[in-house]
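Novice: With the sequence shown counted from 1, adding 64 to any position gets you our numbering.
Even glycine gets a Cβ: it sits at the ideal position worked out from N, Cα and C.
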Amino acid sequence: MCYDCNSEYDRRCGDPFDPYSIGEVNCSKQEPREHLKDKVPVLCRKTVQKVYGKVRIVRGCGYIRDNNTDDGACLKRSGTHDVQATYCACTTDLCNHGTSVLNNNNYLLHLMPYTLAALFIMFSCKRINLHLQPTS
65 MCYDCNSEYD RRCGDPFDPY SIGEVNCSKQ EPREHLKDKV PVLCRKTVQK VYGKVRIVRG
125 CGYIRDNNTD DGACLKRSGT HDVQATYCAC TTDLCNHGTS VLNNNNYLLH LMPYTLAALF
185 IMFSCKRINL HLQPTS
């Protein structure tokens, strides 16, 4: 299952993504594409296209595996003139939802050191304030 939408026609498909009432598609039940008759969908994809400054986001099924992007990573490509595209792919249900399709757990792991540092500072300041309180 993948989200299936195009921000050109539905702004909720853009970033930030609003999945409320966005189409979900069972990729394994899709009709074969004319130009990919021997391929079956094997992943979810999110493509960010920027053409002359205008951004369009397309989410849907993907047919061709790429070891560089299948685990949620993104691949950026630039074309001639002012054309750029970022391709992201992932292999779990409805994984093409975020600004990045990387697993949210990876994001949380990156935030962990900052959270621990903030807690340490907060409790250290509280302990210092307790020692500075005048005694009655």
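Between which two residues does the beta strand (DSSP E) containing K114 stretch?
Specialist: Residues 107-115.
Novice: With 16 as the cutoff for other CB atoms within 10 Å, does I128 come out buried or exposed?
Specialist: Exposed, because fewer than 16 other Cβ atoms sit within 10 Å of the Cβ of I128.
Novice: Of the residues I86, P83, C108, P80, which one's Cα is nearest the Cα of D92?
Specialist: According to the sequence shown, residue 92 is Ser rather than Asp. Residue C108 is the option with its Cα nearest to S92.
Novice: Under a Cβ-count criterion, where at least 16 other Cβ atoms within 10 Å of its own Cβ denotes burial, should G136 be classed as buried or exposed?
Specialist: With 16 or more other Cβ atoms within 10 Å, it is buried.
Novice: Kindly list the residues whose CB is nearer than 8 Å to the CB of R97, restricted to its own chain and excluding five residues on each side of it in sequence; keep chain order.
Specialist: Within the same chain, R97 has close Cβ partners K103, Y127.
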